[in-house]
Amino acid sequence: MKKLFMSFLILNLAFLLNPQLGMSESIQGIIDNSYTDTAASSASSVKNKINFFSVQIGTFFSEPEANEQIIQLKSKGYEPYIFQSINSKGKNIYAARIGKFNSYDEAQSKIEGIQSQFNIPLLITYFDSLEPAPSSIAVPAKTKNAIYALPPDEPDGDLNETTTYTPDDLASLSVLQKKIQEMETEIQKLKDVSDIRRQLEITDEEAKAEEEDILEAAGREYTLTSEGTFKLNYGVTYTYTAYDAIQEGSRIEDVANHSISNNFGVSYGLKNNLTVGTSIPFKYKYHKVGTIDSMDTTDFGDLKLNWQLQPFKTGTDLPTIIFNGSFGIPVGKSPYDIQVGEELSTSSGIYDANFGASISQVSDPVVAFCSIGISYPFAEKSINQKRNEGILDGVDPGMGIGASVGLGYALSYKLNLNFSFSYSYSFETTYKYKNAPDAKSGTGTSASLSIGTGYKISNTRNLNFKIGIPITSVRTFTLGLSIPVDFAL
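Residue 139 in this note's numbering sits at position 136 of the sequence shown, and the numbers go up by one each step.
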């Protein structure tokens with residue numbers, strides 16, 4: 004409303020001072036006839052057309068405000084026009100100007116009369132650009148202290164505010180403007196580089212997902228399932244074991260065991276830091292002695308009930324600690340229920356409990372991890388199995404302990420690689436016979452090196468592959484492939 008009132012007041016003042024104005028030409032006509040061709044404002048015209056000068060009364064970012072200035076100048080008997088251009092930031096500039104002078108001196112002589120009527124800052128510019136005329140052009144001594152105003156380049160604060168300079172300042176200001184433009188170009192380049200780097204940086208969520216992918220490819224005990232989410236997991240593992248056996252007192256035969264285990268598992272996130280799950284394998288086993296004798300079987304393995312707990316939230320510099328445990332239930336063919344030498348077993352035949360802890364630490368793009376665990380198998384009684392040594396009545400398996408350590412490396416957002424070393428130690432097992440003395444097995448140790456890789460097929464599906472190579476003298480190795488799938492309940 005304030006601007007409309009001022010416009011109305013200016014219009015009335017214009018008609019009072021110059022009554023012929025309203026009779027000879029409409030206000031819209033005044034404005035329409037006040038525009039110049041903006042094509043002349045290109046950078047090439049600034050360099051090539053510098054023969055003419057004009058007196059700039061004011062510059063505006065709003066076209067209506069520029070029109071008000073034109074009306075005021077018309078009311079004083081001048082023939083103003085609007086020079087429309089675009090500044091270095093791509094914003095429209097509307098400059099109210101007077102005259103097209105052949106020399107700087109001619110434009111300078113016009114300033115005194117205009118200054119006395121309007122008492123506002125003025126600026127001498129080139130006719131076809133926003134660039135101020137440099138003070139290297141001779142300025143008469145009597146106008147040495149005239150006041151000038153540079154056009155605004157950014158809408159900072161009040162658009163009507165201008166900064167005043169004397170002619171001696173214009174040379175340095177012209178150089179300064181060029182320096183500022185060069186700085187703006189360099190700053191824009193730095194911003195572009197910064198934007199690209201920001202786009203390449205992964206978010207915290209992506210970093211967490213990347214860590215989980217690496218640890219999941221290395222082993223299930225390292226990752227948790229999000230609250231309210233089911234995770235299905237299918238894995239297939241091939242194991243080969245070979246050893247030499249003495250047959251009939253003097254003949255040595257090569258014994259080879261091939262086992263393919265299809266493992267089906269499901270886990271559910273009770274909370275973000277607590278996961279429960281279960282899994283069961285379906286196995287195929289093939290046993291061959293020498294080149295003649297062989298047998299095979301197919302059945303379930305041991306059913307596992309498991310849990311994982313993360314008691315503490317992970318901090319920036321703190322490792323992730325996860326406790327885990329499981330309880331094993333023999334479901335398939337037990338080694339204590341078969342006819343030895345004629346059948347193969349697919350399960351351990353005993354109940355067991357396992358407890359462990361894992362620790363992982365991220366140092367992007369590397370994830371370091373380690374784990375320790377202990378297993379406690381429960382004694383099996385009343386077996387009553389006929390063997391060459393006698394009738395087996397009970398088995399008291401020894402405890403086992405194990406540890407592993409490894410590194411995972413993110414090759415890309417979708418692909419990761421991991422290496423780990425595992426070691427296990429098992430205590431002696433006692434076999435009790437009805438008609439023969441008890442027998443004990445020796446302690447056992449094993450060590451292996453695992454190399455694995457994981458590939459992100461989609462946001463909810465990964466493909467993990469792992470190979471286990473023994474370090475001890477046992478001729479055995481394993482190949483594993485798993486495909487975990489997440490979905491919300």
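Every residue, glycine too, gets a C-beta built ideally from N, C-alpha and C. Bear in mind that the values here come from a model prediction, so they are computed numbers and not experimental data.
Checklist entry - Which value, in whole angstroms, describes the spacing of the CA atoms of residue 322 and residue 328? => result Within the sequence shown, the letter at position 319 stands for residue 322. Within the sequence shown, the letter at position 325 stands for residue 328. Residue 322 and residue 328: Cα-Cα distance of roughly 20 Å.
Checklist entry - From 330, 283 and 118, pick the residue whose C-alpha is nearest to that of residue 378; which is it? => result The count along the sequence shown starts at 1 and reaches residue 378 at position 375. Out of 330, 283 and 118, 330 has the C-alpha closest to the C-alpha of residue 378.
Item to check | Cut-off 8 Å between Cβ atoms - residues of its own chain near residue 391, not counting five sequence neighbours on either side | outcome: The residue labelled residue 391 in the question sits at position 388 within the sequence shown. Scanning its chain for C-beta atoms nearer than 8 Å, with the 5 sequence neighbours on each side dropped, one finds around residue 391 the residues 343, in chain order.
Checklist entry - By Cβ distance below 8 Å, which residues in the same chain neighbour residue 336 in space, the five residues on each side in sequence not counted? => result Stepping through the sequence shown from its first residue, residue 336 is reached at position 333. Closer than 8 Å at Cβ, skipping near neighbours: 300, 302, 346, 347, 348, 349 and 350.
Item to check | Chain-order list of residues whose beta-carbon lies under 6 Å from that of residue 242 (same chain, five-residue window excluded) | outcome: Taking the first residue of the sequence shown as 1, we reach residue 242 at position 239. The beta carbon of residue 242 lies closer than 6 Å to those of 262 and 481 in the same chain, with the five residues before and after it left out.
Checklist entry - Buried or exposed: residue 120, going by 16 or more other Cβ atoms within 10 Å of its Cβ? => result Sequence index remark: in the sequence shown, residue 120 carries index 117 (1-based). Exposed.
Next on the checklist: If you measure between the beta carbons of residue 444 and residue 432, is that distance less than 8 Å?
Outcome noted: Start at 1 with the first residue of the sequence shown, and residue 444 comes out as number 441. Start at 1 with the first residue of the sequence shown, and residue 432 comes out as number 429. When the beta-carbon positions are compared, residue 444 and residue 432 come within less than 8 Å of each other.
Checklist entry - residue 191: buried (16+ other C-beta within 10 angstroms of its C-beta) or exposed? => result Mapped onto the sequence shown, residue 191 falls at position 188. A residue is called buried once 16 or more other Cβ atoms fall within 10 Å of its Cβ, and residue 191, having fewer, is exposed.
Checklist entry - If we count the other Cβ atoms within 10 Å of its Cβ and call it buried at 16 or more, is residue 475 buried or exposed? => result One-based indexing of the sequence shown puts residue 475 at position 472. That one is exposed.
Checklist entry - For residue 428, which residues of its own chain have a beta-carbon under 8 Å away from its beta-carbon, when the five flanking residues on both sides are left out? => result What you label residue 428 is simply residue 425 of the sequence shown in a count that begins at 1. Within the same chain, residue 428 has close Cβ partners 403, 404, 405, 446, 447 and 448.
Next on the checklist: Could you compute how far the alpha carbon of residue 103 sits from the alpha carbon of residue 94?
Outcome noted: Position 100 of the sequence shown holds residue 103. Position 91 of the sequence shown holds residue 94. For residue 103 and residue 94, the distance between alpha carbons rounds to 25 Å.
Item to check | Every unbroken alpha helix (DSSP H) inside the region 353 to 438 [4 residues or more] | outcome: Runs of the alpha helix (DSSP H) inside the region 353 to 438: none found.
Checklist entry - Does DSSP put residue 474 in a helix, in a strand, or in coil? => result Counting from 1 along the sequence shown, the entry for residue 474 is found at position 471. In the structure shown, residue 474 adopts coil according to DSSP, grouped into three states.
Item to check | Where the alpha helix (DSSP H) containing residue 77 begins and where it ends | outcome: Residue mapping note: residue 77 aligns to position 74 of the sequence shown, counting from 1. Per DSSP, residue 77 is one residue of the alpha helix (DSSP H) stretching across 66 to 78.
Checklist entry - Considering only C-alpha positions, which residue in the set 325, 421 and 366 is nearest to residue 374? => result Sequence index remark: in the sequence shown, residue 374 carries index 371 (1-based). Of the candidates 325, 421 and 366, the one whose C-alpha sits nearest the C-alpha of residue 374 is 325.
Item to check | Contact set for residue 229: own chain, Cβ-Cβ below 8 Å, skip 5 residues either direction | outcome: Position 226 of the sequence shown, counted from the first residue, corresponds to residue 229. Spatial neighbours of residue 229 in its own chain (CB-CB distance under 8 Å, excluding positions within 5 residues in sequence) are listed in chain order as 272, 275 and 489.
Checklist entry - Taking DSSP as the reference, what is the three-state secondary structure of residue 450? => result Translated into the one-based positions of the sequence shown, residue 450 becomes position 447. Note: residue 450 maps to strand in three-state DSSP.
Next on the checklist: residue 356 and residue 363 - do their beta-carbons sit closer together than 8 Å?
Outcome noted: Within the sequence shown, residue 363 is the residue found at index 360, counting from 1. Within the sequence shown, residue 356 is the residue found at index 353, counting from 1. With contacts defined by Cβ atoms closer than 8 Å, residue 363 and residue 356 do not form a contacting pair.
Checklist entry - When DSSP labels each residue in this structure, what does residue 196 get in the three-state scheme? => result By 1-based counting over the sequence shown, the position of residue 196 is 193. Residue 196: helix per DSSP, three-state reduction.
Checklist entry - Contact check, residue 278 vs residue 227 under 8 Å by CB: the rounded distance? => result The residue given as residue 278 occupies position 275 in the sequence shown. The residue given as residue 227 occupies position 224 in the sequence shown. Residue 278 to residue 227, Cβ: 5 Å. Contact.
Next on the checklist: With H, G and I counted as helix, E and B as strand and the rest as coil, what does DSSP make of residue 226?
Outcome noted: Indexing the sequence shown from 1 puts residue 226 at position 223. Note: residue 226 maps to coil in three-state DSSP.
Checklist entry - Where residue 438 and residue 311 are concerned, what is the direct C-alpha to C-alpha distance, given to the nearest angstrom? => result Counting from one through the sequence shown, the residue named residue 438 turns up at place 435. Counting from one through the sequence shown, the residue named residue 311 turns up at place 308. Taking the straight line joining both Cα atoms gives about 45 Å.
Checklist entry - Any idea which residues DSSP pairs residue 132 with across the strands? => result The residue labelled residue 132 in the question sits at position 129 within the sequence shown. Per DSSP, none; premise fails for residue 132.
Checklist entry - Just reading off the beta strand (DSSP E) that residue 328 is part of, what are its end residues? => result The residue labelled residue 328 in the question sits at position 325 within the sequence shown. Start and end: 323 to 333.
Next on the checklist: So the candidates are 66, 89, 99 and 87; which of them puts its Cα closest to the Cα of residue 75?
Outcome noted: By 1-based counting over the sequence shown, the position of residue 75 is 72. For the residues 66, 89, 99 and 87, the minimum Cα distance to residue 75 belongs to 99.
Next on the checklist: On a Cα-Cα basis, can you pick out the residue from 366, 384 and 365 that is closest to residue 354?
Outcome noted: Counting from 1 along the sequence shown, the entry for residue 354 is found at position 351. Closest option to residue 354, Cα to Cα, is 384.
Item to check | Buried or exposed (CB count within 10 angstroms, at least 16 for buried), residue 472 | outcome: For the purposes of this step, residue 472 is taken as the residue at position 469 of the sequence shown. Here residue 472 is exposed. Its C-beta has fewer than 16 other C-beta atoms within 10 Å.
Next on the checklist: As a quick exercise: from 394, 425 and 396, pick the residue whose alpha carbon is nearest that of residue 409.
Outcome noted: The residue you call residue 409 lines up with position 406 of the sequence shown. For residue 409, the nearest C-alpha among the options comes from 425.
Next on the checklist: DSSP three-state label for residue 313, please.
Outcome noted: As a working mapping, residue 313 is identified with position 310 in the sequence shown. Here residue 313 sits in coil by DSSP.
Checklist entry - With 16 as the cutoff for other CB atoms within 10 Å, does residue 270 come out buried or exposed? => result In the sequence shown, counting from the first residue as 1, residue 270 sits at position 267. The residue is buried, with at least 16 neighbouring Cβ atoms inside 10 Å.
Next on the checklist: With distance defined between alpha-carbon atoms, name the residue in 334, 110, 238 and 237 nearest to residue 136.
Outcome noted: What you label residue 136 is simply residue 133 of the sequence shown in a count that begins at 1. For the residues 334, 110, 238 and 237, the minimum Cα distance to residue 136 belongs to 110.
Next on the checklist: Is the separation between the beta-carbon of residue 285 and that of residue 237 shorter than 8 Å?
Outcome noted: For the purposes of this step, residue 285 is taken as the residue at position 282 of the sequence shown. For the purposes of this step, residue 237 is taken as the residue at position 234 of the sequence shown. No, these two residues do not count as a Cβ contact at 8 Å.
Checklist entry - With respect to the beta strand (DSSP E) encompassing residue 125, which residues constitute its N-terminal and C-terminal limits? => result On the sequence shown, residue 125 is found 122 positions in, with the first residue counted as 1. Run containing residue 125: none; DSSP gives neither H nor E here.
Checklist entry - Which value, in whole angstroms, describes the spacing of the CA atoms of residue 485 and residue 234? => result Indexing the sequence shown from 1 puts residue 485 at position 482. Indexing the sequence shown from 1 puts residue 234 at position 231. When the Cα atoms are used, residue 485 and residue 234 turn out to be separated by approximately 12 Å.
Item to check | Closest residue to residue 453 among 462, 470 and 463 (Cα-Cα distance) | outcome: As a first step, residue 453 must be located in the sequence shown, where it is residue number 450. The candidate whose alpha carbon is nearest that of residue 453 is 470.
Item to check | residue 381, buried or exposed, once every other Cβ within 10 Å from all chains shown has been counted against 16 | outcome: Taking the sequence shown and counting its residues from 1, one reaches residue 381 at position 378. Residue 381 should be labelled exposed.
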